[in-house]
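A.B. asks: In UniProt numbering, the protein residues as written are 1 to 226. Using N, Cα and C, we set each Cβ at its ideal position, and we do this for glycine too. First the structure, then my questions, so here it is.
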């Protein structure tokens, strides 16, 4: 089986994570203490904070993870030792939400990856020319011990794309069509789960299956508008 040049979780990791201010507000009411609600599942602020605190030193020590994420080495090394940046926290939360959406898309389409499927996806990640499974996991905002969670998502992508007619030929028309159907499966799953994100962390876009940055609205005095 050929190595997929970019899985959706890798693409998520490679998104630019600079603190760009985009429009948007909250994704609906979220219970106190929750960073996000994905269906009936709650991602707590405490769990998100713990995940980011474990991830930060591991990511800083892995240049390949920074390369996958598109961060210059000097920027990666200059990461502070105190509170994580908004973009770092948002990236981690995005991946945690993304993994759950992948699970729902798999169930909705009759796919359940086995341990062997996950092992195979993990091996494929380790065969990437310029990265490996651990670096990809760190680039996605998760610590090393979550590597099998990322591999499971990639296994789901492979199984679903196979179901959607992927011919395993890079950039072929059938491969592109299978990827479009996979993206739609994710969007459909996200819509069914009614993902809600605490406005403190950004806004969830179910069509793009991403969390947009928080908007900071200046007061009239600060903006110069009176």
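Return the CA-CA distance between residue 214 and residue 203, expressed in angstroms with no decimal places.
C.D. replies: Near 7 Å, if we compare the C-alpha coordinates of residue 203 and residue 214.
A.B. asks: Under 9 Å between the Cβ atoms of residue 188 and residue 151?
C.D. replies: Going by C-beta atoms, residue 188 is not nearer than 9 Å to residue 151.
A.B. asks: Report the residue from 198, 193, 200 and 199 whose alpha carbon sits nearest the alpha carbon of residue 99.
C.D. replies: When only C-alpha atoms are compared, the closest one is 193.
A.B. asks: Work out the CA separation of residue 47 and residue 141 for me, nearest whole Å.
C.D. replies: Roughly 13 Å separates the two Cα atoms.
A.B. asks: Just to confirm, is the Cβ distance from residue 149 to residue 130 under 9 Å?
C.D. replies: Not in contact: residue 149 and residue 130 (Cβ atoms no closer than 9 Å).
A.B. asks: May I ask which residues mark the beginning and end of the beta strand (DSSP E) holding residue 210?
C.D. replies: Looking at the DSSP string, the run of the beta strand (DSSP E) that includes residue 210 is 210-212.
A.B. asks: Only counting the same chain, and skipping five residues up and downstream in sequence, which positions put a Cβ closer than 8 Å to that of residue 108?
C.D. replies: Closer than 8 Å at the Cβ level, and outside the excluded window around residue 108, lie 185, 188, 189 and 192.
A.B. asks: Tell me whether the beta-carbon of residue 146 lies closer than 9 Å to the beta-carbon of residue 51.
C.D. replies: Yes.
A.B. asks: To which residues of the same chain is residue 155 closer than 8 Å at the C-beta, ignoring the five residues directly before and after it?
C.D. replies: Cβ within range, chain order: 113, 117, 118, 120 and 121.
A.B. asks: Buried or exposed, going by whether 16 or more other CB atoms sit within 10 Å of the CB of residue 123?
C.D. replies: That one is exposed.
A.B. asks: By DSSP, does residue 204 sit in helix, in strand, or in coil?
C.D. replies: Note: residue 204 maps to strand in three-state DSSP.
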